[in-house]
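Enquirer: Protein chains in written order, with this note's numbering: chain B, 1064 to 1374; chain P, 1064 to 1374.
Number of protein chains: 2
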Amino acid sequence: MSLLVIGTVAYDAIETPFGKTDKIVGGAASFISLAASYYYSNIHLVSVIGDDYDQNFLQLLKTKGVDLTGLQVKQGQKSFFWKGKYHIDMNSRDTLDTQLNVLSDFDPVVPEMVRNSDFVMLGNLMPSLQMKVLKQLTKRPKLVMMDTMNFWMQTALEDLLKVLKEIDILTINDEEARLLTNTHSLKKAALQILKMGPKILIIKKGEHGALLFKDKEVFFAPALPLEEVFDPTGAGDSFAGGMIGYLARTNDLSFENLKRAIIVGSAMASFTVEKFGTEALQNLTKEQIHKRIQEFVKLSSFEMKLETANV
Amino acid sequence: MSLLVIGTVAYDAIETPFGKTDKIVGGAASFISLAASYYYSNIHLVSVIGDDYDQNFLQLLKTKGVDLTGLQVKQGQKSFFWKGKYHIDMNSRDTLDTQLNVLSDFDPVVPEMVRNSDFVMLGNLMPSLQMKVLKQLTKRPKLVMMDTMNFWMQTALEDLLKVLKEIDILTINDEEARLLTNTHSLKKAALQILKMGPKILIIKKGEHGALLFKDKEVFFAPALPLEEVFDPTGAGDSFAGGMIGYLARTNDLSFENLKRAIIVGSAMASFTVEKFGTEALQNLTKEQIHKRIQEFVKLSSFEMKLETANV
């Protein structure tokens, strides 16, 4: 069994109300792989970088068990770069600069030996590239999970809808769910999206938690109220990475286990936002993760007494 | 034991994206009393109306066990009237008309026999009037719960801060928590507010659920994803009413029971928003409430397996 991760490996420059960074390592696939690595060790990354990329970070990924065979290195070219600034409420941000660089003609190639992966995470990327990866697989994976964003809904909807038909789990945020369906009620939007292909939909609501929809079932995962959200970059990717890492480890796609996977994802995201970029995810201990998950359990568990609930 | 409720008994005219009403019965104390009545029967309302008020509704309150001895009826005067229009996202609204009428010189009088109430709910009202009620009590109640709003923070902050020192539970929404503390992080805001007097703070986040803070403990109560929020008017009051009704019935102020009370409050609010005004709360059955609470249990319960949580 293996977990295939596709997405960007990039440089970010981030400005938040709490500070700013120069170029730091980032990208959807970086966050996903790091988060997943705490639960699963047979991870294979498919992405592209220039020859300017941080070798120490690549080494770190390797030591975390992330195989980089599928990571193309373009000599003489620069890595994808994104620069953004978060507003004071941390819920919205402005893109100050985007340099596609190596991403502009990226042609993903899945290494031969992992074309039969059981778990596939399509990180946020141009939908046609996500599809290209799926087409290279030699068998239908047990689970294909996909993240996407409003930009592709606005510029590549047709391609996006094609990929949706091929996947099992879609993760998007509340705004994107509304955009994709032109529907305000998230419950109604979810029912519509579940008809577009995915069997399972996860709507991420940032500090308000996440909703899991499958058939007629709904689960509401809380977000941990944090003293400070320091940098939201990569929170959604960390969420997805923690989730699919947990699912690959447990190899159990029941609704009950999906709930647990979302809690794990939420925990990984809660670490990410406490520091800049991938910093928090680089050095977590078992104990920290265990403690954080217990906080989630405490945060949302209650027991209703039947005799009094029954008015 | 008795439950004392103070707040407005009013007429509302409401416009939402789904329709509009003429004058219908409303007011914080109406919603609170109705919601509480499904859990507790010894309820005493303190408020004021004109002689134009709907007798059928007053009769309904009585049949639900709400004692109206403390409800002043001002002959020749009109009841408080509010007219508002909700925006398409239902999270914000414009006030189109406010006629204070009888409210402009309201002088609340707590009936002699209930000045020793164990449970007191101070519905949203001018803080000086909430204080007047507290001053008439002959003993410190077991529980004083208070709801307020941004308007009083902006126009009567000094009075508001005085009342805060006298209460046990404060319910406000996320925007109001930020306004009151000038702090964006809800966790930080909560810690500040808990220093202002209340032992327990509940931050209502509408469709995103509610947060309960007590000392260093936090609980995140989900909101039920509804197909349609029809009219949010009275949701917060129904929440408070369900909560204090449940607390009075169970007479248990432990953290575990506070969690249950919030779930009950959330359930009552979820009914309210499905119809105009008090319509939904007027005719609930035990079975409906029981079923709704089970939906909340299902919505947020999960069980973490220790062996896999421990990465």
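Note that beta-carbon positions come from the ideal geometry of N, C-alpha and C, so glycine has one too.
1. Label E1280 of chain P either buried or exposed according to how many other C-beta atoms from any shown protein chain fall within 10 Å of its C-beta, with 16 as the threshold for buried.
2. With 16 as the cutoff for other CB atoms within 10 Å, does M1331 of chain P come out buried or exposed?
3. Rounded to whole angstroms, what is the Cα-Cα separation between L1344 of chain P and S1093 of chain P?
4. Give a yes or no on whether the C-beta atoms belonging to T1296 of chain P and G1082 of chain P are separated by under 8 Å.
5. If distances are taken between C-alpha atoms only, which option among P:A1073, P:G1272, P:P1174 comes closest to K1326 of chain P?
6. Measuring alpha carbon to alpha carbon, tell me which residue in B:P1204, B:L1188, B:I1356 is nearest L1223 of chain B.
7. In terms of DSSP beta bridges, what is D1380 of chain P paired with?
8. Mind checking which residues open and close the beta strand (DSSP E) that includes Y1074 of chain B?
9. Using a C-beta cutoff of 8 Å, does H1247 of chain P count as contacting chain B?
10. Under 6 Å Cβ to Cβ from D1015 of chain B, same chain only, skipping five residues before and after it: list those, please.
11. Is DSSP giving R1156 of chain B helix, strand or coil here?
12. Could you give the distance in angstroms between the alpha-carbon of L1134 of chain P and the alpha-carbon of V1177 of chain P?
13. Would you report the Cα separation of E1238 of chain B and L1254 of chain B, rounded to the nearest angstrom?
14. If the cut is a Cβ gap below 9 Å, which residues of chain B does E1290 of chain P touch?
15. Nearest CA to the CA of R1355 of chain P: which residue from P:S1333, P:S1363, P:M1367?
16. For L1243 of chain B, which residues of its own chain have a beta-carbon under 6 Å away from its beta-carbon, when the five flanking residues on both sides are left out?
17. Would you report the Cα separation of T1375 of chain B and G1269 of chain B, rounded to the nearest angstrom?
18. So what's V1207 of chain P in DSSP terms, helix, strand or just coil?
19. Can you list the residues of chain P that L1274 of chain B reaches, using a CB-CB cut of under 7 Å?
20. Look at T1071 of chain B and I1077 of chain B and say whether their C-beta atoms are less than 8 Å apart.
21. Taking 8 Å as the limit between beta carbons, can you name the residues of its chain near Q1351 of chain B, skipping five residues before and five after?
22. When the cut-off is 8 Å and only beta carbons count, does H1150 of chain B lie next to chain P?
23. Check for me: the beta strand (DSSP E) holding E1280 of chain B runs from which residue to which?
24. In whole angstroms, give me the CA-to-CA distance for E1366 of chain B and F1169 of chain B.
25. Given that R1178 of chain B touches chain P, what residues does it touch there, using C-beta distances under 7 Å?
26. Flag this pair as touching only if the segment 1126-1141 of chain B and the segment 1151-1170 of chain B have three or more C-beta atom pairs under 8 Å; answer yes or no.
27. Report yes or no: do three or more beta-carbon pairs, one from the segment 1311-1328 of chain B and one from the segment 1110-1121 of chain B, lie closer than 8 Å?
28. I want to see whether chain P comes within less than 8 Å of K1277 of chain B, judged by CB atoms only; does it?
29. At 7 Å on the CB atoms, spell out the chain P contacts of I1326 of chain B, in chain order.
30. Can you give me the C-alpha to C-alpha distance between T1234 of chain P and F1282 of chain P, rounded to a whole angstrom?
31. Taking the Cβ atom as the reference point for each residue, do I1307 of chain P and M1212 of chain P lie within a distance shorter than 8 Å?
32. Using 8 Å as the threshold, is the C-beta distance between S1142 of chain P and D1115 of chain P below it?
33. Report the three-state DSSP secondary structure of T1161 of chain P (helix, strand or coil).
34. Cβ of M1064 of chain B within 8 Å of Cβ of D1157 of chain B?
35. If the cut is a Cβ gap below 7 Å, which residues of chain B does L1362 of chain P touch?
36. Compare the C-alpha of T1132 of chain P against each of P:T1201, P:L1067, P:G1304 and name the closest.
Expert: Taking the definition as stated:
1. With a threshold of 16 other beta carbon atoms within 10 Å, E1280 of chain P falls short and is exposed.
2. Per the 10 Å Cβ criterion, buried.
3. Taking the straight line from one Cα to the other gives about 10 Å.
4. No; because the gap between Cβ atoms is not below 8 Å, this pair is not in contact.
5. Before going further, note that residue 1326 of chain P is Ile rather than Lys in the sequence given. Per the Cα distances, P:G1272.
6. Out of B:P1204, B:L1188, B:I1356, B:L1188 has the C-alpha closest to the C-alpha of L1223 of chain B.
7. The requested residue 1380 of chain P does not occur in the structure, where chain P is confined to residues 1064 to 1374.
8. 1073-1079 is the span of the beta strand (DSSP E), which, as asked, contains Y1074 of chain B.
9. Taking Cβ atoms only, chain B reaches closer than 8 Å to H1247 of chain P, which makes this a yes.
10. Any property of residue 1015 of chain B remains undetermined from this structure, which presents chain B solely from 1064 to 1374.
11. Three-state result, R1156 of chain B: strand.
12. The straight-line gap separating the alpha-carbon atoms of L1134 of chain P and V1177 of chain P is approximately 13 Å.
13. Rounded to whole angstroms, E1238 of chain B to L1254 of chain B spans 15 Å at the Cα level.
14. Near E1290 of chain P (Cβ distances below 9 Å), the residues of chain B are S1248, K1250, K1251, L1254.
15. Between R1355 of chain P and the set P:S1333, P:S1363, P:M1367, the nearest pair of CA atoms involves P:S1333.
16. Cβ neighbours of L1243 of chain B beyond the five flanking positions: M1216.
17. Within the shown structure, residues of chain B are numbered from 1064 to 1374, placing residue 1375 of chain B beyond reach of any answer.
18. The answer is strand: DSSP assigns V1207 of chain P an E or B state.
19. Those within 7 Å of L1274 of chain B in chain P are P1288.
20. Between T1071 of chain B and I1077 of chain B, the C-beta gap is not smaller than 8 Å, which leaves the two residues out of contact.
21. Hits under 8 Å: F1334.
22. Chain P, which has no Cβ nearer than 8 Å to the Cβ of H1150 of chain B, makes this no.
23. Per DSSP, E1280 of chain B belongs to the beta strand (DSSP E) from 1280-1284.
24. E1366 of chain B and F1169 of chain B: Cα-Cα distance of roughly 51 Å.
25. By Cβ distance, chain P contributes nothing, its closest Cβ being about 28 Å from R1178 of chain B, past 7 Å.
26. The segment 1126-1141 of chain B vs the segment 1151-1170 of chain B: in contact.
27. These segments do not touch.
28. K1277 of chain B does not count as touching chain P.
29. Those are F1365, M1367, listed as they occur along chain P.
30. Roughly 14 Å separates the two Cα atoms.
31. Not closer than 8 Å, so no.
32. A distance below 8 Å separates the beta carbons of S1142 of chain P and D1115 of chain P.
33. Looking at T1161 of chain P - three-state DSSP - the assignment turns out to be strand.
34. Not a contact, by the Cβ cut-off of 8 Å.
35. Residues of chain B passing the Cβ test: V1281, F1282, F1283.
36. Nearest C-alpha to T1132 of chain P: P:L1067.
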